[in-house]
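Novice: Have a look at the structure that comes next, please.
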Amino acid sequence: MGSVPRTLELFYDVLSPYSWLAFEVLCRYKNIWNVSLQLQPTLIGGIMRDSGNQPPAMLPRKAVYMRSDVRLLSQHLQVPIHFPKDFFSVILKKGSLTAMRFLTAVKMEHPEMLEKVSRELWMRVWSRAAEKAGMSIEQAQELLKRVSTPQVKNQLKETTEAACKYGAFGLPITVAHLHDETHMLFGSDRMELLAYLLGEKWMGPVPPAVNPRL
Amino acid sequence: MGSVPRTLELFYDVLSPYSWLAFEVLCRYKNIWNVSLQLQPTLIGGIMRDSGNQPPAMLPRKAVYMRSDVRLLSQHLQVPIHFPKDFFSVILKKGSLTAMRFLTAVKMEHPEMLEKVSRELWMRVWSRDEDITEPPSILAAAEKAGMSIEQAQELLKRVSTPQVKNQLKETTEAACKYGAFGLPITVAHLHDETHMLFGSDRMELLAYLLGDMGSILGLGRCHVPWSNEARMPQLLSLRSRAWESQLLSPRTEITEARVP
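Here is the structure:
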């Protein structure tokens with residue numbers, strides 16, 4: 001095409017299943033649309049505190065709804081999400097600070113690995129492959145000892161603040177930088193609208209793959 | 001096709017812009033998919049009370065977000081939504097009790113008019129920033145929808161009867177029983193299971209659950225009520241993958257779809 005790719009920033013937290021859905025769809029489309037996908041590890045707890053919002057799961061009917069919504073979207077979008085039975089009691093309490101600092105460090109040190117490592121963390125938390133409920137972070141802790149520096153902590157803080165400045169009250173958010181305007185889109189369910197704004201084609205959540213051109 | 005149409009129940013309140021978006025998309029698809037669309041006038045205030053939820057606009061950042069989200073969706077879905085000047089007064093103070101009781105009465109007496117009258121009420125409150133709480137406002141919407149003034153006045157009298165009040169209460173309770181914490185909700189009754197889908201943004205998922213992608217082929221154009229131009233709804237980008245492969249732009253090479 002020849003024109004400059006539009007930047008899409010995806011602010012996400014591995015604690016958020018909808019973040020995983022948005023992540024996978026955008027990873028599929030990044031080689032189809034004329035865009036540059038920038039992954040932004042963010043702390044959803046920080047977004048909640050700053051915006052005055054609370055996780056949807058705190059409202060009983062939303063918690064019930066989320067389970068079936070995520071299950072159906074998992075099938076439709078072909079992302080292997082399985083709601084851990086004790087998600088609310090275990091994972092929500094433990095949080096994602098370690099994991100998101102880890103991903104921040106990965107982004108700073110080995111950005112080419114960020115996509116794969118993010119996916120692996122989601123697989124650990126959200127897939128039946130995980131050995132126990134909660135995040136298995138032994139390996140993460142090893143690396144974290146080496147990167148648990150003020151720089152990493154601050155970077156995660158800054159990224160989270162950037163999301164807040166864009167108006168986030170939750171995650172995921174996709175910030176689309178078009179030639180003349182910027183749009184913040186919340187959730188994993190604004191991808192068809194995103195295609196419309198980009199002037200690109202929406203081919204559903206599982207588009208035919210493009211041969212990677214390296 | 002020959003098989004029994006699946007029932008879709010749309011629980012909605014004219015106070016809710018996302019309800020309008022869901023309503024228009026489903027009205028377009030009701031003649032395309034093998035479904036039977038049942039419109040259910042519901043009271044969003046009742047849903048909030050029963051579920052312990054609060055309107056999203058109560059959170060400042062959500063209120064800001066809603067404005068741009070609704071504006072963009074309005075363009076993309078081609079529904080002429082415009083935020084009322086005094087949004088909080090319209091939504092939180094004035095409410096929709098009379099309007100939704102009126103629609104309940106319309107459904108009980110003249111169900112064939114329900115779609116049009118619902119639309120005219122949305123056009124008042126969510127397109128032209130006009131009142132929907134006073135009797136003359138409701139009558140004006142009914143007349144614009146094609147009701148005679150006599151019919152409309154009759155129905156308005158019914159609004160305060162126990163039957164109509166109870167019917168709206170029951171419909172709202174039914175939505176709560178389906179698990180609603182807001183509106184719109186679409187309840188899809190499939191042959192072997194029932195699904196409640198919240199919001200105006202689960203229509204592609206709904207198509208997937210209905211398995212109705214194939215019936216989109218060979219389609220004519222949908223008429224959009226407020227525009228002279230007939231246009232294809234955006235959601236007709238849903239297609240079977242085989243058909244899709246013939247339509248992709250030249251710069252895309254097609255291999256098998258794979259999940260990473």
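Protein sequences, first through last, are from chains A and B. Those letters in the first sequence? Residues 1 to 214, per our numbering, in order. Those letters in the second sequence? Residues 1 to 260, per our numbering, in order. Glycine is no exception: its CB is placed at the ideal position from the N, C-alpha and C atoms. Since this is a predicted model, take the numbers as computed values, not measurements.
Contact criterion: CB-CB distance below 9 Å. Does A129 (chain A) meet it with respect to chain B?
Specialist: Taking the first residue of the first sequence as 1, we reach residue 129 (chain A) at position 129. Note that A129 (chain A) scores 46 on pLDDT, short of 50, meaning its location in the model is unreliable; the coordinates nonetheless yield the value given after this. Judged by the 9 Å Cβ criterion, A129 (chain A) is not in contact with chain B.
Novice: Could you tell me which residues DSSP pairs with S36 (chain B) in its beta bridges?
Specialist: Numbered from its first residue, the second sequence carries residue 36 (chain B) at position 36. DSSP lists B:T7 as partners of S36 (chain B).
Novice: Please state whether the Cβ-Cβ distance between L21 (chain B) and I81 (chain B) is less than 9 Å.
Specialist: On the second sequence, position 21 is the one that residue 21 (chain B) refers to. On the second sequence, position 81 is the one that residue 81 (chain B) refers to. In this structure, I81 (chain B) lies closer than 9 Å to L21 (chain B) by Cβ.
Novice: Applying the 10 Å Cβ sphere with the 16-neighbour rule, what's the burial state of D86 (chain A)?
Specialist: To locate residue 86 (chain A), count along the first sequence from 1; it is residue 86. With fewer than 16 Cβ atoms within 10 Å of its Cβ, D86 (chain A) is classed as exposed.
Novice: With a threshold of 8 Å on Cβ separation, who are the neighbours of L197 (chain A) within its own chain once the five nearest residues in sequence on each side are excluded?
Specialist: For this step, residue 197 (chain A) is matched to residue 197 along the first sequence. These residues qualify, in order along the chain: A176, L178, H183.
Novice: What residues in its chain sit with their C-beta under 7 Å from that of L5 (chain B), if we drop five residues either side in the sequence?
Specialist: Translated into the one-based positions of the second sequence, residue 5 (chain B) becomes position 5. Reading the sequence as shown, one finds Pro at residue 5 (chain B) and not Leu. Answer for P5 (chain B): N34, V35, S36, listed in chain order.
Novice: Can you pull the chain A residues whose beta carbon is under 8 Å from the beta carbon of F102 (chain B), in chain order?
Specialist: As a working mapping, residue 102 (chain B) is identified with position 102 in the second sequence. Those within 8 Å of F102 (chain B) in chain A number zero; the least Cβ separation is about 28 Å.
Novice: Can you tell me whether R251 (chain B) is helix, strand or coil according to DSSP?
Specialist: By one-based count along the second sequence, residue 251 (chain B) stands at place 251. Because the pLDDT at R251 (chain B) is just 31, under 50, the model does not fix this residue reliably, and the point stays unresolved.
Novice: If you measure from the beta carbon of M184 (chain A) to each beta carbon in chain B, is any gap under 9 Å?
Specialist: In the first sequence, the residue the question calls residue 184 (chain A) occupies position 184. Nearest CB-CB separation between M184 (chain A) and chain B: below the 9 Å threshold.
Novice: List, from N- to C-terminal side, the alpha helix (DSSP H) runs of 4 residues or more that fit wholly inside the stretch 19 to 69 of chain B.
Specialist: 44 to 51
Novice: Using the Cα positions of P55 (chain B) and T186 (chain B), report the straight-line distance between them to the nearest angstrom.
Specialist: Residue 55 (chain B) sits at position 55 when you count from the first residue of the second sequence. Residue 186 (chain B) sits at position 186 when you count from the first residue of the second sequence. Whole-angstrom Cα-Cα distance: 19 Å.
Novice: Buried or exposed: which applies to S3 (chain B), given that a residue is buried once 16 or more other Cβ atoms fall within 10 Å of its Cβ?
Specialist: Numbered from 1 along the second sequence, position 3 holds the residue referred to as residue 3 (chain B). By the 10 Å Cβ count, S3 (chain B) comes out exposed.
Novice: Using a Cβ cut-off of 8 Å, pull out every chain A residue sitting near N53 (chain B), in sequence order please.
Specialist: As a position in the second sequence, residue 53 (chain B) is number 53, starting the count at 1. Near N53 (chain B) (Cβ distances below 8 Å), the residues of chain A are L59, R61, K62.
Novice: Flag this pair as yes or no: are the beta carbons of P150 (chain A) and A22 (chain A) separated by less than 9 Å?
Specialist: Here residue 150 (chain A) refers to the residue found at position 150 when the first sequence is read from its first residue. Here residue 22 (chain A) refers to the residue found at position 22 when the first sequence is read from its first residue. Not closer than 9 Å, so no.
Novice: When the Cα atoms are used, what is the spatial distance from S74 (chain B) to L114 (chain A)?
Specialist: Walking along the second sequence from the start, residue 74 (chain B) turns up at place 74. Walking along the first sequence from the start, residue 114 (chain A) turns up at place 114. One C-alpha to the other measures close to 36 Å.
Novice: Which whole-angstrom value is the C-beta distance of H189 (chain B) and T42 (chain B), which I expect to be below 8 Å?
Specialist: On the second sequence, position 189 is the one that residue 189 (chain B) refers to. On the second sequence, position 42 is the one that residue 42 (chain B) refers to. Incorrect: roughly 17 Å between the Cβ atoms, too far for contact.
Novice: Beta carbon of L39 (chain A), beta carbon of K107 (chain A): below 9 Å?
Specialist: Working through the first sequence from its first residue, we reach residue 39 (chain A) at position 39. Working through the first sequence from its first residue, we reach residue 107 (chain A) at position 107. Yes. Within cutoff.
Novice: Any idea if H191 (chain B) is buried or exposed, counting beta-carbon neighbours within 10 angstroms, 16 or more meaning buried?
Specialist: Numbered from 1 along the second sequence, position 191 holds the residue referred to as residue 191 (chain B). When all chains shown are included, H191 (chain B) counts as exposed.
Novice: Around the Cβ of S96 (chain B), are there at least 16 other Cβ atoms within 10 angstroms (buried) or fewer (exposed)?
Specialist: For this step, residue 96 (chain B) is matched to residue 96 along the second sequence. S96 (chain B) is buried by the Cβ-count criterion.
Novice: Note down, one range per segment and in chain order, each alpha helix (DSSP H) of at least 4 residues found wholly within the stretch 71 to 130 of chain A.
Specialist: 97 to 109, 114 to 126
Novice: Could you tell me which residues DSSP pairs with H76 (chain B) in its beta bridges?
Specialist: Start at 1 with the first residue of the second sequence, and residue 76 (chain B) comes out as number 76. For H76 (chain B), which the question treats as bridged, DSSP gives no partner whatsoever.
Novice: Name the one or two DSSP bridge partners that M196 (chain B) has.
Specialist: For this step, residue 196 (chain B) is matched to residue 196 along the second sequence. Answer is B:V187.
Novice: Bridge partners of Y12 (chain A), per DSSP?
Specialist: Position 12 of the first sequence, counted from the first residue, corresponds to residue 12 (chain A). BP columns for Y12 (chain A) point to A:P41.
Novice: May I ask you to list, following chain order, the residues of the stretch 197 to 211 of chain B that have a beta carbon less than 9 Å from some beta carbon of chain A?
Specialist: L197, F198, G199, D201, R202, E204, L205, Y208, L209
Novice: For S225 (chain A), which residues in chain B fall below 9 Å Cβ to Cβ?
Specialist: In the structure displayed, chain A extends from 1 to 214; residue 225 (chain A) sits before or after that span and is not available.
Novice: Cutting at 6 Å between CB atoms, please list the residues of its own chain near L77 (chain A), excluding the five before and the five after it.
Specialist: As a position in the first sequence, residue 77 (chain A) is number 77, starting the count at 1. L21, P205, listed in sequence order.
Novice: When DSSP builds the beta bridges, which residues end up paired with Y12 (chain B)?
Specialist: Locating residue 12 (chain B) in the second sequence gives position 12, where the first residue counts as 1. Per DSSP, B:P41.
Novice: CA-CA distance, N31 (chain B) and Q38 (chain B)?
Specialist: Position 31 of the second sequence, counted from the first residue, corresponds to residue 31 (chain B). Position 38 of the second sequence, counted from the first residue, corresponds to residue 38 (chain B). Their backbone Cα atoms lie some 13 Å apart in a straight line.
Novice: What does DSSP give as the partner residues of F181 (chain B) in its beta bridges?
Specialist: As a first step, residue 181 (chain B) is located in the second sequence; it is residue number 181 there, counting from the start. Answer by DSSP bridge pairing: none, since F181 (chain B) is not bridged.
Novice: Determine the chain B residues that contact F169 (chain A) at a beta-carbon separation under 8 Å, and present them in chain order.
Specialist: For the purposes of this step, residue 169 (chain A) is identified with residue 169 of the first sequence, where counting begins at 1. Simply L59, R61, K62, Y65.
Novice: Which of the three DSSP states is assigned to R6 (chain A) in this structure?
Specialist: To locate residue 6 (chain A), count along the first sequence from 1; it is residue 6. Strand at R6 (chain A).
Novice: Within its chain, find whatever has a CB closer than 6 Å to the CB of L121 (chain B); leave out the 5 residues flanking it on each side and keep chain order.
Specialist: Reading the second sequence from its first residue, position 121 is the one you call residue 121 (chain B). The answer, listed in chain order, is V14, A99, I132, A141.
Novice: Tell me whether M203 (chain A) sits in a helix, a strand or coil according to DSSP, three-state version.
Specialist: Indexing the first sequence from 1 puts residue 203 (chain A) at position 203. Looking at M203 (chain A) - three-state DSSP - the assignment turns out to be coil, as it is neither helix nor strand.
Novice: Label E170 (chain B) either buried or exposed according to how many other C-beta atoms from any shown protein chain fall within 10 Å of its C-beta, with 16 as the threshold for buried.
Specialist: Indexing the second sequence from 1 puts residue 170 (chain B) at position 170. The residue in question, E170 (chain B), is exposed, as its Cβ has fewer than 16 Cβ neighbours within 10 Å.
Novice: Taking the straight line between their C-alpha atoms, what separation do you get for I44 (chain A) and A105 (chain B)?
Specialist: One-based indexing of the first sequence puts residue 44 (chain A) at position 44. One-based indexing of the second sequence puts residue 105 (chain B) at position 105. If you take the alpha carbons of I44 (chain A) and A105 (chain B), they lie about 45 Å apart.
Novice: Residues of chain B with CB under 9 Å from S51 (chain A), in chain order?
Specialist: Here residue 51 (chain A) corresponds to residue number 51 of the first sequence, with the count starting at 1. Those within 9 Å of S51 (chain A) in chain B are L59, P60, R61, K62.
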